[in-house]
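Below is one structure, written out as structure tokens; the observations come after it.
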Amino acid sequence: MKRTRMIVAMAAIGALGVGIYAYERATAESAPAYRLGQVERTSLTSTVSSTGALNAVQTVQVGTQVSGQIAAIKVDFNDKVKKGQLLARIDPTLQQQAVGNAQAGVARAYHPIRKSSEGLDPEKNPVSDLDCIGIQRRPEGVNMPFGPWFRE
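Using this note's numbering, you'd call the opening residue of the sequence shown number 527 and step up by one each time.
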């Protein structure tokens with residue numbers, strides 16, 4: 527009796543397995559379509575698209591002693607650079623204008639001194655041709671490398 531029950535149980539499990547297999551096969555989609563073609567040698571191109579943010583392995587802060595608009599960039603991303611290498615050139619127009627304004631300020635400050643010395647004795651305070659055209663000799667004690675005076 528035990529043996530008969532065991533055989534019936536095994537047959538039921540087998541029939542159940544065959545039934546599940548037949549059901550899955552009947553409801554399964556059609557077989558995948560295959561495309562046949564000639565074998566060719568060619569280069570393989572692969573494109574990967576993704577979303578997200580890229581982060582640099584190492585980030586370096588770069589600073590300047592002056593500010594202004596960048597006139598030229600001498601390096602590109604991922605270029606290897608050396609110490610002292612020129613990375614970018616700043617447009618010098620603003621700095622040149624500041625130097626011109628400073629020179630004009632010095633000339634305006636020096637003008638009253640020159641005017642006050644016009645009535646003095648020419649033997650003690652000679653006026654040169656350079657003074658007549660607006661270029662003056664550097665006054666005593668002035669060590670500025672720029673100004674309205676003639677560089678000696």
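Glycine included, each C-beta is placed from N, C-alpha and C at the ideal position.
This one's a predicted model, so the numbers in the text were calculated from it and none came from an experiment.
Original post:
DSSP on R615, reduced to helix/strand/coil?
Top reply: Counting from 1 along the sequence shown, the entry for residue 615 is found at position 89. Look at R615 here: in three-state DSSP terms it is strand.
Subject >> Simplified DSSP assignment, three categories, for A598 >> reply: Counting from one through the sequence shown, the residue named residue 598 turns up at place 72. A598: strand per DSSP, three-state reduction.
Original post:
Is R561 helix, strand or coil when you go by DSSP?
Top reply: Here residue 561 corresponds to residue number 35 of the sequence shown, with the count starting at 1. Residue state for R561 is assigned as coil, using DSSP reduced to three classes.
Subject >> Cut-off 7 Å between Cβ atoms - residues of its own chain near Q584, not counting five sequence neighbours on either side >> reply: As a working mapping, residue 584 is identified with position 58 in the sequence shown. Around Q584: no qualifying Cβ.
Subject >> Neighbourhood of Q591 by C-beta, 6 Å cutoff - its chain only, sequence neighbours within 5 removed >> reply: For the purposes of this step, residue 591 is taken as residue 65 along the sequence shown, with counting starting at 1. Nothing listed; no residue qualifies.
**OP:** Mind the definition here: the region 594 to 609 touches the region 622 to 632 only if three or more C-beta pairs lie below 8 Å; say whether that holds.
**Re:** Touching, no.
Subject >> Nearest-angstrom Cα separation, counted from D602 out to A628 >> reply: The residue labelled residue 628 in the question sits at position 102 within the sequence shown. The residue labelled residue 602 in the question sits at position 76 within the sequence shown. Each residue's alpha carbon lies about 36 Å from the other.
Original post:
Do A630 and I616 have their C-beta atoms closer together than 9 Å?
Top reply: What you label residue 630 is simply residue 104 of the sequence shown in a count that begins at 1. What you label residue 616 is simply residue 90 of the sequence shown in a count that begins at 1. The criterion of a C-beta distance shorter than 9 Å is not satisfied by A630 and I616.
Subject >> 9 Å Cβ cutoff met for S600 and A614 >> reply: Position 74 of the sequence shown holds residue 600. Position 88 of the sequence shown holds residue 614. The sequence given here places Lys at residue 600; Ser does not occur at that position. Yes. Within cutoff.
Subject >> Closest Cα partner of G610 within the set V588, S593, G594, P618 >> reply: Looking up residue 610 in the sequence shown gives position 84. In terms of Cα proximity to G610, the closest of V588, S593, G594, P618 is V588.
**OP:** Identify, in the order they occur along the chain, each residue of the same chain with its Cβ nearer than 7 Å to the Cβ of L612, setting aside the five sequence neighbours on each side.
**Re:** In the sequence shown, residue 612 corresponds to position 86, counting from 1. Same-chain partners within the cutoff: K600.
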